[in-house]
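Student: Once you've had a glance at the structure underneath, I'll fire off some questions.
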Amino acid sequence: MTIAVFVDRQQLPSAPHEAARVSLFHKQGGKWMELESRRVEGTDGQAPVQATAFTRRIAALTEGAQAVAGRSVAGRAFTVLNQLGKHIFEIADVTPEALSGIAEDVAMDEARQALAEDAFRSARPAETEIKGVYTLDLVTALEEYPELSSKMILKPFLRSTPFAELTLICRHVPHWLEAERGIAVHKKQRGDYLVLTIQKLCCGEAIV
């Protein structure tokens with residue numbers, strides 16, 4: 037994946053109309069590398085026709101990138117980039133973590149689009165008869181939808197679903213899950229599988 041970032045002369049993220057360059061980043065050998073730096077020519081004119089032409093010239097500099105990012109991306113720039121099918125993000129600094137976060141979000145979004153809506157729902161945790169208590173056979177979900185990862189399936193759920201407890205059947209504890217804040221993870225070995233009980237924390241304690 038290639039990410040285009042609008043940067044100023046100090047190589048900090050900027051708004052598109054304030055950018056000095058468009059830097060293109062790509063992950064190679066597990067590291068984010070700047071492949072190319074494209075200079076922004078001209079200035080943002082005051083007249084609508086000039087401003088629109090300038091915005092389209094800047095948008096053209098993102099060619100080859102699936103996602104674009106800047107300190108803020110709004111107005112004409114957002115409209116033009118959105119029409120080009122770009123995934124648009126706002127970042128405060130150009131760091132490997134920020135770029136990886138963009139790549140993960142794009143992968144999640146593209147996975148959702150690739151799957152039928154009902155198929156994606158079937159790979160999500162299902163609420164049991166007890167309100168706020170959910171369950172998911174993660175092993176089966178990943179076998180049925182190999183294009184998904186545990187993070188793609190669970191991260192949106194953890195972010196947006198008010199739950200008290202989630203029971204997962206899996207083969208191992210996803211490494212990213214152990215670092216997730218706001219939850220407590222308890223595990224039990226059952227044969228070849230692990231049963232994880234994930235509880236939402238409130239003020240540092242599990243909700244019971």
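For what it's worth, my numbering labels the leading residue of the sequence shown as 37, then goes sequentially.
Here a beta-carbon is modelled for each residue, glycine too, at the ideal position from N, C-alpha and C.
Whose C-alpha, out of Thr98, Ala147, Thr131, is nearest the C-alpha of Met69?
Tutor: Numbered from its first residue, the sequence shown carries residue 69 at position 33. Checking every option, the nearest Cα to that of Met69 belongs to Thr131.
Student: Would you say the region 87-95 touches the region 52-64, given that touching needs at least three Cβ pairs under 8 Å?
Tutor: With a cut-off of 8 Å, the region 52-64 and the region 87-95 count as touching, because enough Cβ pairs lie within range.
Student: Provide the residue span of the beta strand (DSSP E) that contains Phe193, from first to last.
Tutor: Indexing the sequence shown from 1 puts residue 193 at position 157. Looking at the DSSP string, Phe193 is not in any beta strand (DSSP E); the run it does join, the alpha helix (DSSP H), is 186-196.
Student: Whole angstroms are fine: how far does the CA of Arg217 sit from the CA of Gln225?
Tutor: On the sequence shown, residue 225 is found 189 positions in, with the first residue counted as 1. On the sequence shown, residue 217 is found 181 positions in, with the first residue counted as 1. Going by the C-alpha atoms only, they are around 23 Å apart.
Student: For my contact list, Gly100 and Leu135 are in at a C-beta cut-off of 8 Å; report their separation, rounded to the angstrom.
Tutor: Counting from 1 along the sequence shown, the entry for residue 100 is found at position 64. Counting from 1 along the sequence shown, the entry for residue 135 is found at position 99. No, Gly100 and Leu135 are not in contact; Cβ-Cβ is about 16 Å, not under 8 Å.
Student: Buried or exposed: Glu201, going by 16 or more other Cβ atoms within 10 Å of its Cβ?
Tutor: Position 165 of the sequence shown, counted from the first residue, corresponds to residue 201. Classification for Glu201: buried.
Student: Which partner residues does Arg57 have in the DSSP bridge list?
Tutor: Your numbering for residue 57 matches position 21 in the sequence shown. Arg57 pairs with Val43, Arg75.
Student: Between the Cα of Pro192 and the Cα atoms of Asp228, Arg148, Gln235, which residue gives the shortest distance?
Tutor: Residue numbering aside, residue 192 sits at position 156 when the sequence shown is read from its first letter. Of the candidates Asp228, Arg148, Gln235, the one whose C-alpha sits nearest the C-alpha of Pro192 is Arg148.
Student: May I have the straight-line CA-CA distance separating Leu120 from Gly78, to the nearest angstrom?
Tutor: Along the sequence shown, one-based indexing puts residue 120 at 84. Along the sequence shown, one-based indexing puts residue 78 at 42. About 21 Å.
Student: Do Lys187 and Pro210 have their CB atoms nearer than 8 Å?
Tutor: Translated into positions along the sequence shown, residue 187 becomes position 151. Translated into positions along the sequence shown, residue 210 becomes position 174. Yes, they are a contact pair.
Student: Find out if the Cβ-Cβ distance for the pair Val231, Ile205 is shorter than 8 Å.
Tutor: Stepping through the sequence shown from its first residue, residue 231 is reached at position 195. Stepping through the sequence shown from its first residue, residue 205 is reached at position 169. In this structure, Ile205 lies closer than 8 Å to Val231 by Cβ.
Student: In the DSSP output, which residue or residues are listed as bridge partners for Arg226?
Tutor: The residue given as residue 226 occupies position 190 in the sequence shown. Paired residues: Tyr229.
Student: Compare the Cα-Cα distances from Ser196 to each of Ala113, Val58, Leu71, Lys236 and report the closest residue.
Tutor: Sequence index remark: in the sequence shown, residue 196 carries index 160 (1-based). Minimum Cα distance to Ser196 is reached at Lys236.
Student: Report yes if the C-beta distance between His123 and Val142 is below 8 Å; otherwise report no.
Tutor: Here residue 123 corresponds to residue number 87 of the sequence shown, with the count starting at 1. Here residue 142 corresponds to residue number 106 of the sequence shown, with the count starting at 1. Taking 8 Å as the Cβ cut-off, His123 and Val142 qualify as a contacting pair.
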